[in-house]
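Have a look at the structure below before the remarks.
Numbering (our numbering), first residue to last: 0 to 102.
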């Protein structure tokens, strides 16, 4: 990571990272929609064990990179909640059911 010489420099790095993260978010959302195709019921959209596996993995990764595991966990739990909503919408679009869509 680069030591910045000004606030503008900091903002330029953040803007570059935001650009990269949006591309990754869009790519991840594609695979989340793909997952909906393989799930037979709406209840299969939420898999608590998978969520905990992801959180454990990213916490370890954050720690290994010198980051804050708690920060990464909070971000990931929020992101996963939104992706669950997104996958539920995709599942409903594929299967035509209107029940239990999270708001």
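The C-beta atom is built at its ideal place from N, Cα and C for all residues, glycine as well.
Check: Tell me whether residue 86 is buried or exposed, calling it buried when 16 or more other Cβ atoms sit within 10 Å of its Cβ.; Outcome: buried
Check: Ends of the alpha helix (DSSP H) at residue 93?; Outcome: 68–94
Check: Give every residue of the same chain whose Cβ lies closer than 7 Å to the Cβ of residue 45, excluding the five residues on either side of it in the sequence, and list them in chain order.; Outcome: 83
Check: Could you have a look at residue 20 and say whether DSSP puts it in helix, strand or coil?; Outcome: helix
Check: What residues in its chain sit with their C-beta under 7 Å from that of residue 54, if we drop five residues either side in the sequence?; Outcome: 72, 75 and 76
Check: Using only the alpha-carbon positions, how far apart do residue 41 and residue 4 sit?; Outcome: 51 Å
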